[in-house]
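Undergrad: Going by mature numbering (1 follows the signal peptide of the UniProt record, and there is no 0), the letters in the sequence shown line up with residues -24 to -1, 1 to 427, in that order. C-beta: ideal position from N, C-alpha, C; glycine also.
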Amino acid sequence: MRKRNLVKKMTALVLAGTMTASLAACGGGQGAASGGGASEATENTSKAAEGADTAAPSGEKTKITYWAPFSGGDGDIMTALVDEFNAQSPTTEVEFMIIKSEEYYTKLLAAMTSDSAPTVAVNHITRIKEYVTDELLEPLDSLAADASVDWTGFTKRLQEASQVDGTHYCMPMDTHLLLMHFNTDEFEKMGLLEDDGTVIVPDGEEAFFEYFEKVKADSGKMPLSGTSMNGLPMYVWYTLLTQFGGDVCDADGRTATLDSDANRKALEIMMRMVDSEIWPKNQKNGAELFTGNVAVATINGDWAIPTFEGTNGLNFVSMSFPQLGTTKSVYADSHTLVIPKNANLTDAEKTSAMEFMKWITDNTGKWAQSGHIPSRTSVMESEEFKALPYRENYAESANYAKFYPQVCGVAGLTEMTYRELAAMIAGEQDVQATMDHMQEQFQEILDSYNR
């Protein structure tokens, strides 16, 4: 079973470049970070220890390796955090390696299946189930207990999602989610800027379209930008799907549910946005249209905030994604830290890995500078976090953020969704055909895991 799943996963990653766009989004697409604590890696450089219980000689630090796909602002912030950890830890030294986002999961999985994995790695929380099923991750509960990790300090949603069958396999760093960002100068001209500097889009489908029709007419510019392919349409789609009470499959992860009324409604709203040119199609880079003042608002994740903050002359505000459906919901994921299984991993390295992981999650107030919502409630409630601009406007979204279900097949679902939504937005197929394709293909993916 394990080998079958791994071969399937490797094939999907190589052929589809699965998660490329979402990972690029997390890094801002700015290139790999530079700094004393990081190096761009094309292969794992960790050194295998001779014995499973080997400890570093007295007075020497235990050296561990850490892989992540972060670039741009994310990479710079994480590099600074690793440098700070190394400076203060008397027992552990971390070698931080940035892997190109489009190569990250392929290389990580290859390293995991050949006992050459890093000591610590970033893994999206929606992928944990597949990696646990394939026996690729170390369970963390014993190590965490020795390090006095308080799991109840994480947000409730992350507490639940970080476990598989009651065992913790990852330590969450954040919740990152879909937002809307508004050019405050433009919205002030239109009289749509609130006294506190925020922008409030009214709830409900019709109210949403009336609002943005007014924005289109009054601004004379593109109302909403948003890249027309890869990750962004998927984030919008899953937000709308779950706002109307739908999801991709049943609780057991055996039956696809993409032939639902909720999916039809989500797809119809997306096409209404496209056809009305509130969200015009054929956008290669929605962020550039916003920073270039071609669009007065944009759909993008919280990870885009550092890019917008670094744009000269752009005054903006970031807000929660509006509620068009019957319930509050928004697409989200979480960067987590995991310890990949490795026959060469020593007990000392595992202990140092947990020390590092705990320290990082305890210091997610600094990680929040990347735009993400901290994983720990104490950090979310801290003055450090509240002092960051925009965050309080959307921090509450973490309470109703929606992750993909904890099932095997998420990688295949992602690639399939990219393809089908791009074809629909481009006008190559209608809503019904898109629904049919999505249902059929995801059912095949689920069946391949559940035989």
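Quick check: the Cα distance between T287 and T267, rounded to an integer number of angstroms?
TA: Numbered from 1 along the sequence shown, position 311 holds the residue referred to as residue 287. Numbered from 1 along the sequence shown, position 291 holds the residue referred to as residue 267. C-alpha separation (whole angstroms): 7 Å.
Undergrad: In terms of residue numbering, what span does the alpha helix (DSSP H) encompassing S328 cover?
TA: Position 352 of the sequence shown, counted from the first residue, corresponds to residue 328. Segment D323 to D338, the alpha helix (DSSP H) holding S328.
Undergrad: Using 8 Å as the cut-off, can you tell me whether the region 92 to 109 makes contact with the region 273 to 293, which would need three or more C-beta pairs spanning the two stretches below that distance?
TA: Judged by Cβ distances under 8 Å, the region 92 to 109 makes no contact with the region 273 to 293, as fewer than three pairs qualify.
Undergrad: Which value, in whole angstroms, describes the spacing of the CA atoms of Q417 and E372?
TA: Numbered from 1 along the sequence shown, position 441 holds the residue referred to as residue 417. Numbered from 1 along the sequence shown, position 396 holds the residue referred to as residue 372. Approximately 34 Å, taken between the alpha carbons.
Undergrad: List the endpoints of the continuous beta strand (DSSP E) containing G277.
TA: Working through the sequence shown from its first residue, we reach residue 277 at position 301. A273 to G277 is the span of the beta strand (DSSP E), which, as asked, contains G277.
Undergrad: Since I believe T215 is in contact with S305 (beta carbons under 8 Å), could you give me their beta-carbon distance rounded to a whole number of angstroms?
TA: On the sequence shown, residue 305 is found 329 positions in, with the first residue counted as 1. On the sequence shown, residue 215 is found 239 positions in, with the first residue counted as 1. Right, their Cβ atoms sit about 6 Å apart.
Undergrad: Apply the 10 Å Cβ neighbour rule to N159 and answer buried if 16 or more other Cβ atoms are within range, or exposed otherwise.
TA: Taking the sequence shown and counting its residues from 1, one reaches residue 159 at position 183. Buried, because 16 or more other Cβ atoms sit within 10 Å of the Cβ of N159.
Undergrad: Rounded to whole angstroms, what is the Cα-Cα separation between G222 and N426?
TA: Here residue 222 corresponds to residue number 246 of the sequence shown, with the count starting at 1. Here residue 426 corresponds to residue number 450 of the sequence shown, with the count starting at 1. About 22 Å.
Undergrad: Comparing C-alpha positions only, which one of V96, I101 and V270 sits nearest to K378?
TA: Indexing the sequence shown from 1 puts residue 378 at position 402. Among V96, I101 and V270, the Cα nearest to that of K378 is on I101.
Undergrad: Got a sec, what are the start and stop residues for the beta strand (DSSP E) M295 sits in?
TA: Reading the sequence shown from its first residue, position 319 is the one you call residue 295. F292 to S296 is the extent of the beta strand (DSSP E) around M295.
Undergrad: Have a look at D226 and V250 and give me their C-alpha separation to the nearest angstrom.
TA: By 1-based counting over the sequence shown, the position of residue 226 is 250. By 1-based counting over the sequence shown, the position of residue 250 is 274. In a straight line, the C-alpha of D226 is about 30 Å away from that of V250.
Undergrad: Using beta-carbon positions only, say whether I53 and S354 come within less than 8 Å of one another.
TA: Numbered from its first residue, the sequence shown carries residue 53 at position 77. Numbered from its first residue, the sequence shown carries residue 354 at position 378. Cβ distance not < 8 Å, so I53 and S354 don't count as in contact.
Undergrad: If you reduce the DSSP assignment to three classes, tell me which class E39 lands in.
TA: Position 63 of the sequence shown, counted from the first residue, corresponds to residue 39. The sequence given here has Lys at residue 39, not Glu. It is a strand residue.
Undergrad: For the region 395 to 407 against the region 200 to 215, do three or more pairs of beta-carbon atoms, one drawn from each stretch, fall closer than 8 Å, so that the two count as touching?
TA: The region 395 to 407 is in contact with the region 200 to 215.
Undergrad: Cutting at 8 Å between CB atoms, please list the residues of its own chain near S296, excluding the five before and the five after it.
TA: Reading the sequence shown from its first residue, position 320 is the one you call residue 296. L155, M156, V306, N369, Y370, E372 and S373, listed in sequence order.
Undergrad: Given this structure, state the Cα-to-Cα distance separating G271 from G196, to the nearest angstrom.
TA: Numbered from 1 along the sequence shown, position 295 holds the residue referred to as residue 271. Numbered from 1 along the sequence shown, position 220 holds the residue referred to as residue 196. Reading off the sequence, residue 271 comes out as Ala, not Gly. Approximately 9 Å between the Cα atoms of the pair.
Undergrad: How many angstroms separate the CA atom of E404 from the CA atom of K260?
TA: The sequence position of residue 404 within the sequence shown is 428, counting from 1. The sequence position of residue 260 within the sequence shown is 284, counting from 1. Cα to Cα, E404 sits roughly 17 Å from K260.
Undergrad: Between the C-alpha atoms of K317 and D423, what's the straight-line distance to the nearest angstrom?
TA: Position 341 of the sequence shown, counted from the start, is the residue given in the question as residue 317. Position 447 of the sequence shown, counted from the start, is the residue given in the question as residue 423. Answer to the nearest angstrom: the Cα atoms are 27 Å apart.
Undergrad: Less than 7 Å between C-beta atoms, sequence neighbours within five positions excluded: which residues of the same chain meet that for L(-10)?
TA: By 1-based counting over the sequence shown, the position of residue -10 is 15. Note on L(-10): pLDDT 42, under 50, position unreliable in the model; no value is reported.
Undergrad: Are A273 and L168 touching if we call contact CB-CB under 8 Å?
TA: Taking the sequence shown and counting its residues from 1, the one referred to as residue 273 is at position 297. Taking the sequence shown and counting its residues from 1, the one referred to as residue 168 is at position 192. In this structure, L168 does not lie closer than 8 Å to A273 by Cβ.
Undergrad: Determine the DSSP secondary structure at S236, reduced to helix, strand or coil.
TA: For this step, residue 236 is matched to residue 260 along the sequence shown. DSSP places S236 in coil when its eight states are reduced to three.
Undergrad: Suppose the cutoff is 8 Å on Cβ atoms and the five residues either side in sequence are ignored; what does the same chain contact list for M411 look like?
TA: Residue numbering aside, residue 411 sits at position 435 when the sequence shown is read from its first letter. Excluding residues within five positions, the ones whose Cβ falls inside 8 Å are L234, D235, N239, R240 and L243.
Undergrad: Secondary structure at L364, three-state DSSP: helix, strand or coil?
TA: The residue you call residue 364 lines up with position 388 of the sequence shown. Looking at L364 - three-state DSSP - the assignment turns out to be coil, as it is neither helix nor strand.
Undergrad: Locate the beta strand (DSSP E) running through A308, then write down its first and last residues.
TA: The sequence position of residue 308 within the sequence shown is 332, counting from 1. Counting along the chain, the beta strand (DSSP E) containing A308 begins and ends at V306 to D309.
Undergrad: If you measure between the beta carbons of F163 and V175, is that distance less than 8 Å?
TA: As a first step, residue 163 is located in the sequence shown; it is residue number 187 there, counting from the start. As a first step, residue 175 is located in the sequence shown; it is residue number 199 there, counting from the start. Going by C-beta atoms, F163 is nearer than 8 Å to V175.
Undergrad: Am I right that Y145 and V314 are in contact with their C-beta atoms under 8 Å? What's the rounded C-beta distance?
TA: Reading the sequence shown from its first residue, position 169 is the one you call residue 145. Reading the sequence shown from its first residue, position 338 is the one you call residue 314. Confirmed, Cβ separation roughly 6 Å.
Undergrad: Tell me whether the beta-carbon of T68 lies closer than 8 Å to the beta-carbon of E264.
TA: Indexing the sequence shown from 1 puts residue 68 at position 92. Indexing the sequence shown from 1 puts residue 264 at position 288. No, these two residues do not count as a Cβ contact at 8 Å.
Undergrad: Report the option in G301, A329 and R367 whose CA atom is closest to the CA atom of I281.
TA: Numbered from 1 along the sequence shown, position 305 holds the residue referred to as residue 281. I281 has its Cα closest to that of R367, out of G301, A329 and R367.
Undergrad: Terminal residues of the continuous beta strand (DSSP E) containing D406?
TA: Along the sequence shown, read from residue 1 onward, the residue named residue 406 stands at position 430. Looking at the DSSP string, D406 is not in any beta strand (DSSP E), and its letter there is neither H nor E.
Undergrad: Smallest Cα separation from residue 428: which of T340, Y187 and T393?
TA: In the structure displayed, the chain extends from -24 to 427; residue 428 sits before or after that span and is not available.
Undergrad: Does the beta carbon of G48 sit closer than 8 Å to a beta carbon anywhere in chain D?
TA: Going by chain labels, chain D is absent from the structure shown, which holds only one protein chain.
Undergrad: Give the secondary structure of N269 by DSSP, where H, G and I count as helix, E and B as strand, and everything else as coil.
TA: Sequence index remark: in the sequence shown, residue 269 carries index 293 (1-based). Coil, per DSSP.
Undergrad: With a CB to CB cut of under 6 Å and the five nearest residues on each side skipped, what residues in its chain are close to G11?
TA: Counted from its first residue, the sequence shown places residue 11 at position 35. Residue placement at G11 is flagged as unreliable, the pLDDT there being 31, under the threshold of 50; the coordinate-derived value follows with that caveat. Same-chain partners within the cutoff: T55.
Undergrad: Taking Cβ to Cβ, would you say P381 is nearer than 8 Å to G229?
TA: Residue mapping note: residue 381 aligns to position 405 of the sequence shown, counting from 1. Residue mapping note: residue 229 aligns to position 253 of the sequence shown, counting from 1. It is a contact, given that the beta carbons lie within the stated cut-off.
Undergrad: Among N258, P148, T41 and Q64, which has the Cα closest to the Cα of M198?
TA: Within the sequence shown, residue 198 is the residue found at index 222, counting from 1. Checked all of N258, P148, T41 and Q64; the closest Cα to M198 is N258.
Undergrad: Under 7 Å Cβ to Cβ from N99, same chain only, skipping five residues before and after it: list those, please.
TA: Within the sequence shown, residue 99 is the residue found at index 123, counting from 1. Same-chain partners within the cutoff: Y107, C146, T312 and V314.
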